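Here my numbering is used: the first residue of the sequence shown is 246, the next is one more, and so on. Where a beta carbon is used, it is the ideal one built from N, C-alpha and C, also for glycine. Nothing here was measured: the structure is a model prediction, and the numbers come from that model. One structure is given here, and the rest of the page talks about it.
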Amino acid sequence: MKIWQTPSIATRAVKNSDLKIQHQCPQCGAPATLLESDRLFSCAYCRVKSYLLTRGFSQYHLPHKTPDDRELIYFPYWRFKGMLFSCLADRTHEKFIDTSHQACSSTCFPVSLGLRSQALTLECVSPETKGYFIAPQTSFKAVMTIFNRRFTRDLASPLLHQAHIGETISLIYAPYYTNPGLVDAVLNKPLPTRTNSFRPENFPGGTPSARFQFIPAMCPNCGWDLTGSRDAQVLNCAHCHSLWQPGPNGFSAVPCAHTPTQLQEPVYLPFWRIKADVNGVDLNSYADLARLANLPKAVQKDWEATAFHFWAPAFKVRPRVFLRLMHVLTTAQPPKNLEPGGPRHHCLTANLPVSEAIETLRVNVAGLIKPKERVAEWLPHIGIKPRKALLVYLPFEERPHELVHNDLNLAVNKNQLSLAWNL
Ligand SMILES: [Zn+2]
Ligand SMILES: [Zn+2]
Numbered sequence: 246m247k248i249w250q251t252p253s254i255a256t257r258a259v260k261n262s263d264l265k266i267q268h269q270c271p272q273c274g275a276p277a278t279l280l281e282s283d284r285l286f287s288c289a290y291c292r293v294k295s296y297l298l299t300r301g302f303s304q305y306h307l308p309h310k311t312p313d314d315r316e317l318i319y320f321p322y323w324r325f326k327g328m329l330f331s332c333l334a335d336r337t338h339e340k341f342i343d344t345s346h347q348a349c350s351s352t353c354f355p356v357s358l359g360l361r362s363q364a365l366t367l368e369c370v371s372p373e374t375k376g377y378f379i380a381p382q383t384s385f386k387a388v389m390t391i392f393n394r395r396f397t398r399d400l401a402s403p404l405l406h407q408a409h410i411g412e413t414i415s416l417i418y419a420p421y422y423t424n425p426g427l428v429d430a431v432l433n434k435p436l437p438t439r440t441n442s443f444r445p446e447n448f449p450g451g452t453p454s455a456r457f458q459f460i461p462a463m464c465p466n467c468g469w470d471l472t473g474s475r476d477a478q479v480l481n482c483a484h485c486h487s488l489w490q491p492g493p494n495g496f497s498a499v500p501c502a503h504t505p506t507q508l509q510e511p512v513y514l515p516f517w518r519i520k521a522d523v524n525g526v527d528l529n530s531y532a533d534l535a536r537l538a539n540l541p542k543a544v545q546k547d548w549e550a551t552a553f554h555f556w557a558p559a560f561k562v563r564p565r566v567f568l569r570l571m572h573v574l575t576t577a578q579p580p581k582n583l584e585p586g587g588p589r590h591h592c593l594t595a596n597l598p599v600s601e602a603i604e605t606l607r608v609n610v611a612g613l614i615k616p617k618e619r620v621a622e623w624l625p626h627i628g629i630k631p632r633k634a635l636l637v638y639l640p641f642e643e644r645p646h647e648l649v650h651n652d653l654n655l656a657v658n659k660n661q662l663s664l665a666w667n668l
């Protein structure tokens, strides 16, 4: 398997919405600037490749210009970047969001970070970072509810279901000090609100416990360097042709398959194929799908025995394209001729983990139900439990501006892949 990138991914300029993070090579200590989505890090000095493990969310702080004699106070914000899908009675609304909100309720501090986090190079929070870190009091889930409301205010009710996909969740600390009112330590400017009564000791906090963990990007099977794009969620060993995903205990093997092709130089795109237990409606076989989605074909007998799978892109792409790919593939239920293992051709790196693909299952069902009038009645009673996932690579033909899958009658614009997360 060779890594495929569109020319625009390879030469992609760093956009404002990419958070930049000051870092050090875990091997040689050389300074490096990472992007928020970076996982696979290749040191420019010692050439060692490392993979960044993040448990739940990452923690950063904004840089500051505090005078030496002042004690720093760090105030926390939750930040989210990803797709928000909202299932309505007649359609699924999609939106890309990139936003932040206080992780601790206080009228002394700005409600959100605004655009500041995007304009500055952030630093990672470690137990050695000096300052008083106010602990988050509001859960990410609660803040997410605020985001959901903020971004779906204008949608028609009822709102049947919401899902956040491909999310980057971080806790970002903004630095302040007192003089005697609160001073924004990024700009060295007092806050415009009256903050003389602010006492940090009224807020629980202290030293942060966060620690980044880098692990060597080495194939657990044969010891070769693993490869992938810098935001890879699945890494590839070009030596023993295996695929690996990060977990709490390092890398674990990813079950994968591909369909063979007659194409001379195909580009393979990765998709998650998920088997799930569905209750509330029948959705176990292809025949069930044909009935649920009212497919314009007569149900054949052997369809009853053909297992149904959910499909979702394993790569970041614009929300609208993501929905389209998910529905086309789930409705088509491709292909029957899977071969185990990854293909030996060019492949787009999977940068959307299976945990995110699982979040799409309900959105997927909502899009399948036909006629649409049934969605509002049925969706609330449908339960879905994911059981098994397989990473499937499907071959696309590369054309100047798009990748085309002929059998599925599916085209993906190359720009939509490269610009997906830089809106
Ligand atoms: Zn190094
Ligand atoms: Zn290997």
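Unbroken alpha helix (DSSP H) run spanning residue i, endpoints
i	result
Leu639	Counting along the chain, Leu639 falls outside any alpha helix (DSSP H), though it belongs to the beta strand (DSSP E) covering Gly628 to Glu643.
Glu601	Val599 to Ile603
Gly612	Leu606 to Leu613
Ala621	Val620 to Trp623
Length of the line joining the Cα atoms of residue i and residue j
i	j	result
Ile410	Asp314	44 Å
Pro271	Leu404	46 Å
Tyr513	Leu432	47 Å
Gln478	Ser295	13 Å
Arg394	Asp547	45 Å
Phe496	Cys464	8 Å
His268	Tyr531	49 Å
Thr594	Gln578	22 Å
Lys659	Ala559	15 Å
Val370	Ser362	14 Å
Arg565	Glu339	6 Å
Trp556	Gln509	26 Å
Thr278	Leu540	50 Å
Val649	Glu622	36 Å
Pro588	Pro276	36 Å
Lys375	Glu316	9 Å
Phe567	Ser442	49 Å
Asn424	Ser454	27 Å
Ile248	Pro511	12 Å
Leu613	Glu643	29 Å
His646	Glu601	28 Å
Leu245	Ser474	Residue 245 cannot be examined here, being either before or after the span of the chain that is shown, 246 to 668.
Asn654	Pro435	59 Å
Glu604	Ser351	32 Å
Tyr422	Phe354	12 Å
Ile460	Cys467	16 Å
Ser282	Val620	35 Å
Ile629	Leu534	15 Å
Ala289	Gln250	20 Å
Thr256	Ile318	For Thr256, the pLDDT reaches just 49, beneath the cut-off of 50, and the residue's location in the model is therefore unreliable, although a value from the coordinates is still provided. C-alpha separation (whole angstroms): 39 Å.
Lys617	Asp335	6 Å
Ala543	Arg536	9 Å
Cys273	Cys291	7 Å
Pro372	Trp469	33 Å
Asp527	Ile627	10 Å
For residue j and residue i, believed in contact at Cβ under 8 Å, the rounded distance
i	j	result
Thr575	Ala430	Not really, about 50 Å apart at Cβ, beyond 8 Å.
Ser331	Thr344	Rounded, the Cβ-Cβ distance is 15 Å, inconsistent with contact.
Met246	Cys592	5 Å
Pro631	Ala521	5 Å
Leu264	Leu367	6 Å
Pro640	Thr504	6 Å
Leu298	Gln458	4 Å
Gln661	Val562	6 Å
Continuous beta strand (DSSP E) stretch holding residue i: start and end
i	result
Leu655	Leu655 to Asn658
Glu647	Glu647 to His650
Ala498	Gly495 to Ala498
Pro616	Counting along the chain, Pro616 falls outside any beta strand (DSSP E), and DSSP gives it neither H nor E.
Cys501	Cys501 to His503
Gly274	From DSSP, Gly274 is part of no beta strand (DSSP E); its letter is neither H nor E.
Gly492	Ser487 to Gly492
Leu285	Leu285 to Ser287
Residue-level contact to chain B via CB, residue i, 8 Å cutoff
i	result
Lys310	Absence of chain B from the displayed structure is noted, only one protein chain being present.
Discussion item. Under 8 Å: do the stretch 445 to 452 and the stretch 378 to 393 share three or more Cβ pairs, one atom per stretch?
Written reply: yes
Worksheet item: Given 8 Å as the limit, is there contact between the stretch 513 to 523 and the stretch 636 to 645, that is, 3 or more CB pairs closer than that?
Response: yes
Worksheet item: What are the start and end residues of each continuous beta strand (DSSP E) run of 3 or more residues lying completely inside the stretch 404 to 485, in chain order?
Response: 404 to 423, 427 to 429, 458 to 461 and 480 to 482
Practice prompt. Counting only runs of 3+ residues fully inside the stretch 293 to 327, write out the beta strand (DSSP E) ranges in chain order.
Written response: 294 to 298 and 303 to 306
Item to complete: Ignoring anything shorter than 4 residues or poking outside the stretch 344 to 415, list the alpha helix (DSSP H) runs there in chain order.
Response: 361 to 364 and 385 to 397
Fill in: Continuous alpha helix (DSSP H) assignments of at least 4 residues falling wholly in the stretch 519 to 577
531 to 537 and 564 to 577
Discussion item. So, does the stretch 485 to 501 touch the stretch 606 to 614, judging by three or more C-beta pairs under 8 Å?
Written reply: Between the stretch 485 to 501 and the stretch 606 to 614 there are fewer than three inter-stretch CB-CB distances shorter than 8 Å, so the stretches are not counted as touching.
Worksheet item: Can you find at least 3 beta carbon pairs, one from the stretch 413 to 421 and one from the stretch 301 to 308, that sit closer than 8 Å?
Response: yes
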